[in-house]
Structures are given as C-alpha cells and as structure tokens.
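The sequence shown begins at 1 in full-length UniProt numbering and counts up one residue at a time. Notes follow the structure.
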Amino acid sequence: MKMHAMQLQLFAEAVSGKKIMYLYRILENAATDDAVAIAFTTENETNITTDADTTATKDGPIRTPNVPEIEISATSVLAKGDTMYDKMKAAMLANKLIEIWEVNLAEPIATKSGKFKGTYYQGYLTEYTLTSSAEDHAEVETTFGINGTGATGEVTVSEEQQEVAAYVFADTQKTGA
1 MKMHAMQLQL FAEAVSGKKI MYLYRILENA ATDDAVAIAF TTENETNITT DADTTATKDG
61 PIRTPNVPEI EISATSVLAK GDTMYDKMKA AMLANKLIEI WEVNLAEPIA TKSGKFKGTY
121 YQGYLTEYTL TSSAEDHAEV ETTFGINGTG ATGEVTVSEE QQEVAAYVFA DTQKTGA
C-alpha cells in the first residue's frame, strides 16, 4: 500500500474585528480634507452579492452570473461633536459620492511606514438611521451602495486615524508642557 504525503494547512493568526477599520471622506472634499474614521464604531460589514440567471438546457441548467453588488454598512454609538455624520447625511440628501477605505491594520506594508493593506471604494449613502432610546446611547446605522468593485492597494493611515480605531501604546514618560 502506497502512502501519499499529506499537506497540513498551517493556521495563521486570526484577525481581530478591531483591526479592520473604515475611513470616509466626501469625494468633493478630497483636495482639502483627510479621510476620517468614525469614533465608537461597534460593527462594520462589507457585503458582496451577485444574482445569476438560470437557463434550462437538455444537459442541465446553465447559470449566468449578473454584476456583483457591494454594500458597506456601519453601526456606531454617536459621539458628541462628531461632524462626519452630518457631512454624510448632507451628501446623501444631495446625491454626492463618498469615498470609503477598508483597511486591515493587522497587515502593515513592511517596507512602508503608515501603509496598510486595504481597498478603496466610492459610493452613495443609501440608508441613514439614528436610533435614540431612553436606556441606551444614541446609535447611527449607515449603508453605502458602492459603484464598481473597489480597488485593492496600499492605504496610508496616520497615527491619529489609528487612535480612533483603538488605543495605541503610550509610554510612561511625560509628553511635554
């Protein structure tokens, strides 16, 4: 009996949900504004779906896929003084494009400081929901309908932008006056 060599898959470290961050900017403000992360985000989702038409043949069904559709959603506790949601809501009402970067902070580009693996999207805000119950914090839910399929590349994320996503290390020494 001949034994076949078996390849075992090595399991890499899992990516924490906190390491996937989203940055936003109204496209018409690209010359003047940096992209910003939304504070107190509790959940993000990128959803890619495609329908397919089925044609019955004598040999069995043939499936023809349609164009993929992408939606990105976010849920956040509303932060006092946050102006990005106001800008997004105004962009929605005026049908303005919004830029969105999905960044994996667990995958820095080793040769470039402040660069991370990510995907760039453009789309429209299609849903905006502000929920404010008596017992919980106010919460904002947004959904973006994406144009095209996005572009994968290297995304620059400043230390300030990373601080919004999670605490960063701080030393014990005084930082100045």
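In this text, a Cβ means the ideal position worked out from N, Cα and C, and glycines have one as well.
Item: Continuous alpha helix (DSSP H) assignments of at least 4 residues falling wholly in the stretch 75 to 114; Value: 84 to 93
Item: Straight-line gap, G153 to D59 (C-alpha atoms, nearest Å); Value: 42 Å
Item: Residues bridged to L23 [DSSP beta-bridge criterion]; Value: A37, W101
Item: Pair within 8 Å by beta-carbon distance, A35 and W101; Value: yes
Item: Segment contact, 8 Å Cβ cut-off, at least three pairs: the stretch 126 to 140 with the stretch 98 to 117; Value: no
Item: Other residues of its chain near G114: CB distance less than 7 Å, five sequence neighbours each side excluded; Value: T156, V157, S158
Item: Sub-8 Å separation of A74 and N44 beta-carbons; Value: yes
Item: Nearest-angstrom Cα separation, counted from M88 out to E28; Value: 12 Å
Item: Rounded distance between the beta-carbons of T50 and P61, thought under 8 Å; Value: About 16 Å; that fails the 8 Å criterion.
Item: Residue nearest to G150 in terms of C-alpha spacing, selected from T143, G118, G17, T126; Value: G118
Item: Outcome for F169 when other beta-carbon atoms lying within 10 angstroms are tallied against a minimum of 16; Value: Because F169 sits at a pLDDT of 45, beneath the cut-off of 50, its placement in the model cannot be relied upon, and the following sentence gives the value as read from the coordinates. Exposed is the call here.
Item: C-alpha gap between E71 and M21, whole angstroms; Value: 16 Å
Item: Cβ neighbour criterion (16 or more within 10 Å) applied to T57; Value: exposed
Item: Residue interval of the beta strand (DSSP E) (run including A52); Value: 52 to 55
Item: Within 8 Å, strictly: CB atoms of L130 and K19; Value: no
Item: For residue 186, the three-state DSSP class (helix, strand or coil); Value: The shown model of the chain, from 1 to 177, leaves out residue 186, and the question about it has no answer.
Item: K58 in three-state terms, based on DSSP; Value: coil
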